[in-house]
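Colleague: My questions all concern the structure below.
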Amino acid sequence: MKWQGRRKSGNIEDRRGQSAGGFGGGGRGISPMLLVPLFRLLFSKMGLVIVAVLVALMFLTGTNPIALLQQFLGGEPQYAQSTDYQPTPEEQALADQTAVVLADTEDVWNKIIDGYREPTLVLFSGQVNSACGLASSASGPFYCPGDEKLYIDLSFFGEMERKLGAAGDFAQAYVVGHEVGHHVQKLTGTMEQVNAMRGQLSEVEFNQLMVRVELQADFYAGLWAHHTQRATGFLEPGDLEEALNAASAIGDDRLQRQSTGNVVPDSFTHGTSAQRVRWFRKGFETGDVSQGDTFNATQL
Numbered sequence: 085m086k087w088q089g090r091r092k093s094g095n096i097e098d099r100r101g102q103s104a105g106g107f108g109g110g111g112r113g114i115s116p117m118l119l120v121p122l123f124r125l126l127f128s129k130m131g132l133v134i135v136a137v138l139v140a141l142m143f144l145t146g147t148n149p150i151a152l153l154q155q156f157l158g159g160e161p162q163y164a165q166s167t168d169y170q171p172t173p174e175e176q177a178l179a180d181q182t183a184v185v186l187a188d189t190e191d192v193w194n195k196i197i198d199g200y201r202e203p204t205l206v207l208f209s210g211q212v213n214s215a216c217g218l219a220s221s222a223s224g225p226f227y228c229p230g231d232e233k234l235y236i237d238l239s240f241f242g243e244m245e246r247k248l249g250a251a252g253d254f255a256q257a258y259v260v261g262h263e264v265g266h267h268v269q270k271l272t273g274t275m276e277q278v279n280a281m282r283g284q285l286s287e288v289e290f291n292q293l294m295v296r297v298e299l300q301a302d303f304y305a306g307l308w309a310h311h312t313q314r315a316t317g318f319l320e321p322g323d324l325e326e327a328l329n330a331a332s333a334i335g336d337d338r339l340q341r342q343s344t345g346n347v348v349p350d351s352f353t354h355g356t357s358a359q360r361v362r363w364f365r366k367g368f369e370t371g372d373v374s375q376g377d378t379f380n381a382t383q384l
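Residues 85 to 384 (the numbering used here) are what the sequence shown spells out, left to right.
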């Protein structure tokens, strides 16, 4: 994949070497500027009601109440900076490559969606706080609709190669394109519609709906690659096969078979290997956003 020397996105938030920080095992710190309004709020009648609500939310959702209170007061997260963190040359090359891929997605989606809001990509190591809560590297890359940010620990790409056999720079780019696809779903209202169905469906039915969400994100990743290839010719021989192999490697059926030896289709939430390959390939071959309606597709 030809990425060296090309534009890097400015929407990168580098938290590598930073601590998730703070209260309750990984909460966010509170800025000193917030202490005065915080104490005024806590010692008011309304403050007691708010604290009760926050504590209830903590037990029901596992969300850090300090983080919620800070967001209520309009504060920004505070992170402990590690000044001695030095990435290896290989890791920094991955970071630079990821920034180029994100820039490519910006170029594509700005042309397709009027008023496209570019997401921020957060690079982290170990643990990270987001509007969706505390996450560790073990959870893999993810998109948080609450803050419209993508979160990636670059060590995941090494794990992807060693444990899943999904190697190559374009396989890594596919992961970024997929997470940006979830951002597109947030902007187009798809996520909101899906979340509204959560309490109306059984667990199996909602799992099936989530499969369609993930397959559409795969389609969007393929669509991004289609348009970037037409604009820049960035693909090299073997790149497409890398992405297709990565899509296959993270199919629910393959992952379940590797981990337990059994495959339980009713528990699928991302789609089979064949489905993921099919929808990525469809996006790559058509480049037509209207072809990515996985929700009304009769065959996945």
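In this text, a Cβ means the ideal position worked out from N, Cα and C, and glycines have one as well.
Remember, it's a predicted structure, so these values are computed and weren't measured experimentally.
#1: What does a CB cutoff of less than 7 Å around Gly109 pick up in its chain, not counting 5 residues either side in sequence?
#2: Under the DSSP definition of a beta bridge, which residues are partnered with Gly322?
#3: Is Val351 buried or exposed, if buried means 16 or more other CB atoms sit within 10 Å of its CB?
#4: Can you name, in chain order, every residue of its own chain whose Cβ lies under 7 Å from the Cβ of Arg90, other than the five neighbours on each side?
#5: Could you spell out the range, first to last residue, of the alpha helix (DSSP H) harbouring Leu178?
#6: Ile197: buried (16+ other C-beta within 10 angstroms of its C-beta) or exposed?
#7: Could you check where the beta strand (DSSP E) with Thr204 kicks off and where it finishes?
#8: Contact check, Asp377 vs His354 under 8 Å by CB: the rounded distance?
#9: Rounding to the nearest angstrom, what Cα-Cα distance links Val192 and Leu207 in this structure?
#10: Any idea if Ser220 is buried or exposed, counting beta-carbon neighbours within 10 angstroms, 16 or more meaning buried?
#11: Return the bridge partner residues of Asp98 from the DSSP annotation.
#12: Rounded to whole angstroms, what is the Cα-Cα separation between Gly252 and Pro321?
#13: In terms of residues, what are the limits of the beta strand (DSSP E) holding Gly283?
#14: May I ask you to verify whether the segment 237 to 255 touches the segment 274 to 289, counting CB pairs closer than 8 Å and requiring at least 3?
#15: Leaving out five residues before and five after Trp363 in sequence, what residues of the same chain have Cβ atoms less than 6 Å from its Cβ?
#16: Can you check which of these residues, Leu307, Asn291, Val295 and Asn380, is closest to Gly371 by C-alpha distance?
#17: Just how far apart, CA to CA, sit Gly224 and Lys86?
#18: Grab me the residues of Asn346's own chain with a C-beta within less than 8 Å of its C-beta, minus the 5 sequence neighbours each way, in chain order.
#19: Please state whether the Cβ-Cβ distance between Thr272 and Asn95 is less than 8 Å.
#20: What do you get for Thr356, buried or exposed, if any count of 16 or more other CB atoms within 10 angstroms of its CB means buried?
#21: Going by C-alpha distance, which of Gln256, Val348 and Leu234 is nearest His267?
#22: With the cut-off set at 8 Å, would you say Tyr258 and Ala215 are in Cβ contact?
Modeller: Considering the structure as presented:
#1: Residue numbering aside, residue 109 sits at position 25 when the sequence shown is read from its first letter. Caution applies to Gly109, whose pLDDT of 34 falls short of 50 and renders its modelled position unreliable; the model cannot decide the point.
#2: Position 238 of the sequence shown, counted from the first residue, corresponds to residue 322. According to DSSP, which records beta bridges pairwise, Gly322 is partnered with nothing at all.
#3: Stepping through the sequence shown from its first residue, residue 351 is reached at position 267. For the record, residue 351 in the displayed sequence is Ser; it is not Val. Flag for Ser351 reads exposed.
#4: Residue mapping note: residue 90 aligns to position 6 of the sequence shown, counting from 1. Answer for Arg90: Val184, listed in chain order.
#5: Residue 178 sits at position 94 when you count from the first residue of the sequence shown. Pro173 to Ile196 is the span of the alpha helix (DSSP H), which, as asked, contains Leu178.
#6: Taking the sequence shown and counting its residues from 1, the one referred to as residue 197 is at position 113. It counts as exposed.
#7: Looking up residue 204 in the sequence shown gives position 120. From DSSP, the beta strand (DSSP E) with Thr204 extends over Thr204 to Leu207.
#8: By one-based count along the sequence shown, residue 377 stands at place 293. By one-based count along the sequence shown, residue 354 stands at place 270. The pair is not a contact, with the Cβ atoms about 18 Å apart (cut-off 8 Å).
#9: Working through the sequence shown from its first residue, we reach residue 192 at position 108. Working through the sequence shown from its first residue, we reach residue 207 at position 123. One C-alpha to the other measures close to 22 Å.
#10: As a first step, residue 220 must be located in the sequence shown, where it is residue number 136. Exposed, because fewer than 16 other Cβ atoms sit within 10 Å of the Cβ of Ser220.
#11: Residue numbering aside, residue 98 sits at position 14 when the sequence shown is read from its first letter. DSSP, once it has assigned bridges, lists Leu207 as partnering Asp98.
#12: Numbered from its first residue, the sequence shown carries residue 252 at position 168. Numbered from its first residue, the sequence shown carries residue 321 at position 237. Going by the C-alpha atoms only, they are around 12 Å apart.
#13: In the sequence shown, the residue the question calls residue 283 occupies position 199. Neither: Gly283 is in no beta strand (DSSP E) and is coded neither H nor E.
#14: no
#15: Locating residue 363 in the sequence shown gives position 279, where the first residue counts as 1. Excluding positions up to five away in sequence, the list reads Leu299, Asp302 and Phe303.
#16: Position 287 of the sequence shown, counted from the first residue, corresponds to residue 371. Distances from the CA of Gly371 to each of Leu307, Asn291, Val295 and Asn380 were compared; the closest alpha carbon is that of Leu307.
#17: In the sequence shown, residue 224 corresponds to position 140, counting from 1. In the sequence shown, residue 86 corresponds to position 2, counting from 1. Their Cα atoms are separated by approximately 25 Å.
#18: The residue labelled residue 346 in the question sits at position 262 within the sequence shown. Once the five neighbours on either side are set aside, the close Cβ partners of Asn346 are Gln340.
#19: If you number the sequence shown from 1, residue 272 lands on position 188. If you number the sequence shown from 1, residue 95 lands on position 11. Cβ atoms of Thr272 and Asn95: not closer than 8 Å.
#20: Taking the sequence shown and counting its residues from 1, the one referred to as residue 356 is at position 272. Label assigned to Thr356: buried.
#21: Here residue 267 refers to the residue found at position 183 when the sequence shown is read from its first residue. Minimum Cα distance to His267 is reached at Leu234.
#22: Taking the sequence shown and counting its residues from 1, one reaches residue 258 at position 174. Taking the sequence shown and counting its residues from 1, one reaches residue 215 at position 131. No, the pair does not count as a contact, with Cβ atoms beyond the cut-off.
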